[in-house]
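**Student:** After the structure tokens below, expect a handful of questions from me.
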Amino acid sequence: SQREANVLIRSRLREIGEDFGQAATLNEVLTEKPRNGWSAACDNAANGVPVLTLSAVTGYNFDPTAIKRTSLATDPSAHYWLRDGDLLITRSNTPTLVGHAAIYSGEPSSCIYPDLVMRIPVDAEKADTRFVWYWLQAPQVRDFIERNAKGTSPTMKKISQGIVMAIPFPKASLREQQQV
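The sequence shown: position 63 = 65 (our numbering), numbered continuously.
What follows is the structure in structure tokens.
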């Protein structure tokens, strides 16, 4: 079952952290700082530009149907356009859902990611995006995020760019990550 598979994956991720140690941080395998998207006002116009909703990333699986549409003017050179394979992380949600991550599948194409999500720019020479995605589900990462998430409401927490960059990351070579 999916539940049993998830338990095995989390168990293996905990072992990986112990095997390689956590002397590094996520920041050490990024090309630049994570960045929030743009939360455009959405009117769901039939010909509007797709904008991801927070639920597109929740649950560690990308949901290409979790979109709204905006008819606002967009800038073709803006930072908020997604590229196939982008790693995304929620920066605001309930305590158990904040920090969920998913990999954008390329669909819908010409899609914007919202302000409540950050793009994590993984350096392909230092880290494997799928490994980072799996690692963000590791129990030790979840513990770190839940300890560091802030917010006055007990039901809604946020993580900052600094917290994301400080996430513990194993000292594993790119080859070791790909083997895992």
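Even glycine gets a Cβ: it sits at the ideal position worked out from N, Cα and C.
In this text, all values refer to a predicted model and were calculated from it rather than measured experimentally.
With respect to 6 angstroms, is the separation between the Cβ of residue 38 and the closest non-hydrogen atom of the ligand GDP below this value?
**Tutor:** Because no ligand of any kind appears in the structure shown, any question about the ligand GDP cannot be addressed here.
**Student:** Apart from the five residues just before and just after residue 63, which ones in its own chain have a Cβ nearer than 7 angstroms to its Cβ?
**Tutor:** The count along the sequence shown starts at 1 and reaches residue 63 at position 61. Contacts found: 104.
**Student:** Going straight from the alpha carbon of residue 44 to that of residue 75, what length do you get?
**Tutor:** For this step, residue 44 is matched to residue 42 along the sequence shown. For this step, residue 75 is matched to residue 73 along the sequence shown. Straight-line Cα distance between these residues: approximately 11 angstroms.
**Student:** Would you identify the three-state DSSP class for residue 64, choosing helix, strand or coil?
**Tutor:** The count along the sequence shown starts at 1 and reaches residue 64 at position 62. Coil.
**Student:** Just to confirm the assignment: which complete alpha helix (DSSP H) runs, minimum length 4, are found wholly within the region 85 to 122?
**Tutor:** none
**Student:** Using 7 angstroms as the limit for Cβ to Cβ distance, is residue 168 near chain C?
**Tutor:** Of the chains in the structure shown, none is chain C; there is only one protein chain.
**Student:** Tell me which residues share the same chain as residue 50 and place their Cβ nearer than 7 angstroms to its Cβ, disregarding the 5 neighbours each side in the sequence.
**Tutor:** For the purposes of this step, residue 50 is taken as the residue at position 48 of the sequence shown. The residues are 71, 72, 73.
**Student:** Grouping DSSP H, G and I as helix and E and B as strand, with all else coil, what is residue 49?
**Tutor:** Here residue 49 corresponds to residue number 47 of the sequence shown, with the count starting at 1. Correct three-state label for residue 49: coil.
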